[in-house]
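Asker:
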Amino acid sequence: MTSIIEKVKRVPLVKNVTSFKTVTDIVSHPMEMKLPSWWLIGLVGSISLVLLLKSMIAYLVWEGVGVWGLNNPVGWGFAIVNFVFWVGIGHAGTLISAILFLFRQKWRTGINRFAEAMTIFAVMCALIFPGIHIGRQWAAYWLFPLPNSMAMWPNFKSPLLWDVFAVGTYFTVSLMFWFVGLVPDLAAVRDRTTSKVKQVVYGIFALGWRGANRHWQHYEKAYLLLAALATPLVLSVHSIVSFDFAVSQLPGWHTTIFPPYFVAGAVFSGFAMVVTLMVIARQVFKLKSLVTLHHLECMNKIILVTGMLVGYAYGMEFFMAWYSGYEYESFAFINRATGPYAWAYWIMVTCNVISPQLFWFEKCRRSIPIMFVVSIFVNIGMWFERFVITVTSLHRDFLPSSWDYYTPTWVDVCTFIGSFGLFFTLFLLFLRFLPMISMNEVKGVMPESDPHYEKEGA
Amino acid sequence: MKKQWRSIDDLTGDKKLDTFKSREFQEGATELIDPVSRRSFLKYLGGTAALAGLTGCSIRKPYYKIKPYSKKVEHVVPGKPIYFASSMQINNDVSGILIETHEGRPTKIEGNPAYPDASGSSTVLQQASVLNLYDPDRLQGPLKATKDVSIQEFEDWMLEKRRFFKENKGEGLAVLVENNLSPAFHQELKKVQAKYPEATIYRYEPVNSDPQVQGLHALTQQYVVPEYDFKKSNVVLSFGEDFLGNVLNQNKYNREFSLRRDPDSQDYSLNRLYTFEERLSITGAKSDHRFLLNRSEQQQVLLRLIYFITRKLNFSLERYLNYRFTDVSIEGVSDHDIQVIADDLLANRGKSLVLVSEQFNEEFHQLCFLINAILGNNFKTIHYNSTHFSNFSYSQKSSKDSLRSLISELNNNRVDTVFIIGGNPGYTAPSMSGFKEALVKARDRVHLTFSANETSLLCNWVLPRAHFLESWGDLKSCSGVVSICQPVIKKMVKGYSDLELVHLMSVSYSSDYSILRKQWASISETKWDQTLHNGFMFKDGRSRVYPEFQSMIDLSDVDFEAKGLSVIFYPDYKVYDGRYSNNSWLQELPDPISKLTWDNAAYMSAKTAKRLSLKSGDVVSIQVPDSEGTVSIPVFVSPGHAHTVISIPLGYGKDTSNKVEMGAGVSAYALMSEASDFKVENVTLVKTGDTHEFATTQDHGHMEGRPHVRSASVDEYNKHPHFAKGQEEVPHDKSLWKDHDYSTGNQWGMIIDLGKCTSCNACITSCQAENNIPVVGKEEVLNGREMHWMRVDRYYEGDEDNPDVHTQPLTCLHCENAPCEQVCPVAATVHDDEGLNVMVYNRCVGTRYCSDNCPAKVRRFNFFDYHQRDPHSQKKKRFHLFDYMKEPNESYKKQFNPDVTVRMRGIMEKCTYCVQRIKAADQIANNENRDIRDGEVVTACQQACPANAIVMGNILDENSEIYRLRKRDRHYSILEQLLLKARTTYLAAVYNPNPRLVKTKKEASYDKHH
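Listed below in structure tokens is the structure:
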């Protein structure tokens, strides 16, 4: 009796890599290569945008919130939209590192460092906005529960306060997670570099990593613990951001679907941003062997799923508005789709619901130009989603007498553009000075790391 | 050595223990078990303390020393306001006022409840007039040919002038005065006339009741002004008369009319108001039946009414009216409608009232006198007072004629010197009259004025005019109440009061006080003091007269055909005829109907606009036939206009450099000709292609079928007394936490009777004056950032051409379960135990979350420091990093109420129920060891409201007015479904339409919501 057992091969996570050293070489290359001129130009460009952001903030603090386009019914505008947008983008990183780690999705190793860095920077961009959107920016610290001589204590019923904690915690844990993951790689860079300065600086941050067994043991445990700690945060942070809206009683905001809907939306936008950036990075830094089309395809699948979730939420909102029989809610949603801001709503639907449908086709999922365009669309669409939620609900609420129209000013727009400057500045620095792919983890998922590994043909 | 053992296990030689003992570091020893060590705890503590130190960095420390009185001023207790009684005049309306002063600064004007026929309420213009006192654009000293000179120089010049005119007996001396109801002023004028017999005195008032006075004079040979009694009128029929707007006795009419709009009143039954209108006025908005007709058609309606009534009564018109009635059909109103109105009037003979707009022609007023006579209303619901000073020739002549003769004198070079006492004829005289060109022909032109204006530009002597709060005077109201006006502050400018200047014309300077005291020398010192204290002297009973027909009404000159498109003019609800146009409170006040701020416009109906293919904001050039008059003015489409009529409010488009009025609106006087009775016909509109941006405070006028303003007809009310209740589905109250108990102590609440409110806006201005509310300017109103704590919402319902109008004053609802409070992260808005939703300004960081969560959107955010951005603001004396370069104008600052915080930028504010007034009453009650009595706490809006529509009080006090009102069937709460438990609630309006008329009016939202 003969039986042919065919080995079902998993898709290899790295391609054309012969040894561990090759991985280190590929990842270290951007840090060691001659400074490319496009990088410098990019950095100068983004730093000028940072200066734009700074001057906009200075102008804002000097003149008052009135330099923005806000008015009486619309008390929240671009600042809050941008805040939610950036926090949303900051979602993919921790999801990839923590949740996919716990689920043992090995393809995450190719992109997790990159995504986490993006998370940190996006949350940094996000954190600017709650601080500056308030009327008296110099009193922003009153939102923290600090013991003080004014006998002041924050109001723990307010979702804004929960926000302070949620986003603060998220940022801290994400940063720790990212840093812990970096330690072995920083040590590798330290060991490779020939520059004294780099040796010292990387050495400090490598925390004396020697790759000892105990180091690895502690590292693995810490990483697992942080992953477990970060997992609920992935869900909590955007749930709580959604509470800013859901806990209020404004039609269009006061919706129980918001927490899952916001989380799905955040993952959606986060992955889109990773795809946008990764498509470029793997091209210019020649990372195609480590970040394969398979990686990108996996991400596109997630984009498709979350995009559908978001689309479902859009539909469900309308259903609930009708089913509840609540006239103000029904009006709010009809107004969204047909009112003065219908253009924003339809941009949102087109970008978020229609464009990801292309990913049903494998060809599209694996086509670099298509995924790049779709990911940009999703980024735009998700920004508009927050705009639609924030502005259209506010601009027409209960009493028709208070209805008004909100138009952003040049300061609003420049501040938003400036926040991209901050994001890209940090990102460009990251690309140049830190290993953008987790070497140790990629090596861990290579077939060579398996003790029973046999070289093909050996 | 003997084996020492640590435990039983050790003794028995457990294997595991061996490994334990041999390991230096146990498994997991490198991991932190105790999360915080003592040392790190101390570190955290230190860090926290260092951060807490930050909170001590107070950033707004004033470092100027305050200066106490070195000697205490008598009666002045710092922090306690003192009230002075006085009276003031606006055109021909005199009202008693109480002036609130803080440490010598007048800050607010209220009505004087002791004044005859007054209830302590006030109007928009009275409320706002205090700001004029502090207007930084006021002239500070005399100007001679635009150069600053001393007052002495002027008096020297006057000395010469007096000599000159004494020699030529006053030839070439002309004096132009406004409507002035001061007996002393007229006595002084008499002296001028006695001294210079050849001198002429002229009177010009752009907005006047001359057609009425002249018309009735022609008929009865008596100079009279009517005074209406709305308390006794069951049926009111108004032809264009906006008696709830800015007219004579506005205050009284509002109050009396509102008494008859309360269906639950024990003393009064509901009245019924029919209006015939060309434009939508606030009176029209309040009416039970409203018909849109131009004034020619209205006159035909009146004639038809007279015809129907006389036919029914078999009354012979032969002795009164020479007119052959013909059957005419009037578009917009059927004979049936007129019949029904006639029957209604007939059923209420002696208890009805027919009114005609002051601005309509003389014959119209004569017909009105006739119909009121036929109906027996004269001397019952309508009384006649003789006009004061009617023995002076300049009072007898109409403004129009007076001005015309002055112009012709000027043109004939017969005027050497003209004194213009107050007014601004250079602006208000119809452009076509040629007044400006004529004026400069006089050798010397003296103008007494508050601020530089169109007239003063043409004068070689410009003198600052004293405000009524800084000068002595006396007034005699149309109904005969004589009062003394006392100043409450020393003159802030080097100028004259009217009295002083007229006095100066005949003799040397003497203060207005001594002139006045001499005039009233017959009055004892005690009586004088008493007069000053009470605010009035006596009511002259001789004013009331009983005019009768002396001649027949001649309609031969009347043209009943309206010609083409006509433009009508009316005094603005805010800046009146332009005299208040440099008052920023008024400029920013939304028009009660169009909600327009900082502008006027050519209002027209949607139909007219469509026919001319125009839309709101299009600038058109209006051309009057046979004249040079054209005006470029933006169009504003507003429902409720007759289709052949465009209306333009007066008072805008000033050509001055005064910072507030500059650039606001377009002057309608440029279209007027001498002959026009506030109307020009046959105009042509040419679209210029330009567009104009209007700043309105309410863009959406449709209620979207939501039950915010509730109303019903009286029939429905009788059938369903609880119609206002249950219009919203209210969910069960499942609170997450236990609600606060508000069942003891003072629990403040407010109730607003929508049936009474006439949307006159007095409440808004009063609130602004009381609470230091900044003015934001047109740009910021356009951005939707007006700061008024109170607003009056206006909704249209039904027919687009002639809609029903619903109005609703709205302030903070002071919800017990306030959505704003839950969401504020810094607890800056909280509830006090008296049920007030309070704002802690110092604590607010300005997240605006409260405003987002406020369903009524009554919270107002300081997007900028508006006091600093005022065009009048000035450079700051002190400087600090987070404190800006500018501060409010020194002059405006003096008006600020010291009991109310002036808010900085970046914080939220809103209605406080005038918490400073509550606390003041609380202190008094505390000192007297008693509870606050009902009526002791009066909010600013409540105090001003002429219709008495706002009541505030303790909702737990069973003897209080508010308790009683809250038990009414009409009582309801808006947005009840949100479980707000609002303290500000409403009484639904009940209208009284005639069941016999087609179902057009106010047919209740009841049908819709049940």
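Chains as they are written, first to last, in my numbering: chain A, 53 to 510; chain B, 717 to 1726. Idealized CB from N, CA, C, for every residue including glycine.
#1: Can you list, in chain order, the residues of the segment 1537-1554 of chain B whose Cβ is nearer than 7 Å to any Cβ on chain A?
#2: Below 7 Å on C-beta distance, what does R1161/B contact in chain A?
#3: Please report the Cβ distance between M1624/B and R1559/B, rounded to the nearest whole angstrom; I am assuming they are in contact, meaning their Cβ atoms lie under 8 Å.
#4: Anything in chain B within Cβ reach of F383/A, meaning under 8 Å, just list it in chain order.
#5: Can you tell me which of the three DSSP states M1268/B falls into?
#6: Any C-beta of chain B sitting closer than 7 Å to the C-beta of S291/A?
#7: On the three-pair Cβ rule with 8 Å, is the segment 313-330 of chain A touching the segment 349-362 of chain A?
#8: Pick helix, strand or coil for K1724/B, following the three-state DSSP scheme.
#9: Starting from the C-beta of R988/B, find all residues in its chain whose C-beta is less than 6 Å away, skip the five residues before and the five after it, and write them out in chain order.
#10: Beta-carbon of S1567/B versus every beta-carbon of chain A: anything under 7 Å?
#11: Would you list, in chain order, the members of the segment 944-955 of chain B that have their beta-carbon closer than 8 Å to a beta-carbon of chain A?
#12: In this structure, does DSSP put V1347/B in helix, strand or coil?
#13: Using alpha carbons as the reference points, say which of E1513/B, N1499/B, P1614/B lies closest to G127/A.
#14: Under a CB-based cut-off of 7 Å, is V1353/B close to chain A?
#15: For a cutoff of 7 Å on Cβ pairs, would you count V225/A as touching chain B?
#16: List, in chain order, every chain B residue whose beta-carbon is nearer than 8 Å to that of R165/A.
#17: Give me the Cα-Cα distance between Q1016/B and D1060/B, rounded to the nearest whole angstrom.
#18: Could you give the distance in angstroms between the alpha-carbon of Y799/B and the alpha-carbon of Q805/B?
#19: Could you check whether the Cβ of N68/A sits closer than 7 Å to any Cβ belonging to chain B?
#20: Can you find at least 3 beta carbon pairs, one from the segment 807-823 of chain B and one from the segment 1428-1448 of chain B, that sit closer than 8 Å?
#21: Okay, do the segment 170-184 of chain A and the segment 217-233 of chain A touch, 3+ Cβ pairs below 8 Å being the bar?
#22: Check the Cβ-Cβ distances between S454/A and every residue of chain B, and say whether any is below 7 Å.
#23: Between M1378/B and V1336/B, what straight-line distance do the alpha-carbon atoms span, to the nearest angstrom?
#24: Should V1340/B and L1387/B be called a contact, given that it needs their Cβ atoms to be closer than 7 Å?
#25: So the alpha helix (DSSP H) G183/A belongs to, where does it begin and stop?
#26: List in chain order: all unbroken beta strand (DSSP E) runs of 3+ residues lying wholly within the segment 1472-1551 of chain B.
#27: Taking N123/A as the query, report the chain B residues whose CB atoms sit under 7 Å from its CB, ordered along the chain.
#28: Near Y1679/B, which residues of its chain fall below 7 Å by C-beta distance, leaving aside the five closest residues on each side in sequence?
#29: CA-CA distance, K824/B and A1485/B?
#30: How about the segment 1695-1714 of chain B and the segment 992-1009 of chain B: do they share at least three Cβ pairs that are nearer than 8 Å?
#31: Say whether chain A places a C-beta atom closer than 7 Å to the C-beta of D1509/B.
#32: Within the continuous alpha helix (DSSP H) that includes L112/A, where are the two ends?
#33: Judging by CA-CA distance, which residue of S453/A, S80/A, I489/A is the nearest neighbour of T246/A?
#34: To be precise: take each residue of the segment 1621-1632 of chain B, compare its Cβ to all Cβ atoms of chain A, and keep it if any distance is under 8 Å. Which residues remain?
#35: Going along chain A, which residues have a C-beta under 7 Å from K1591/B?
#36: Out of curiosity, what's the CA-to-CA distance linking V343/A and S71/A?
Answerer: In brief:
#1: Q1538, V1539, C1540, P1541, V1542, A1543
#2: In chain order: nothing, as chain A lies at least about 45 Å away.
#3: Actually they do not touch by this definition, with Cβ atoms about 10 Å apart.
#4: E1420
#5: coil
#6: no
#7: yes
#8: In this predicted model, K1724/B has a pLDDT of only 41, less than 50, meaning its place in the structure is not dependable enough to derive any value.
#9: V951, D1004, N1708
#10: yes
#11: none
#12: strand
#13: N1499/B
#14: no
#15: no
#16: Chain B residues near R165/A: none, gap ~26 Å exceeds 8 Å.
#17: 18 Å
#18: 19 Å
#19: no
#20: no
#21: yes
#22: yes
#23: 21 Å
#24: yes
#25: 164-184
#26: 1507-1513, 1520-1526, 1545-1547
#27: N1499, G1500, R1501
#28: I1671, D1673
#29: 6 Å
#30: yes
#31: yes
#32: 89-115
#33: S80/A
#34: R1621, G1622, I1623, M1624
#35: Near K1591/B there are no residues of chain A at all, since even the closest Cβ is about 16 Å away, more than 7 Å.
#36: 16 Å
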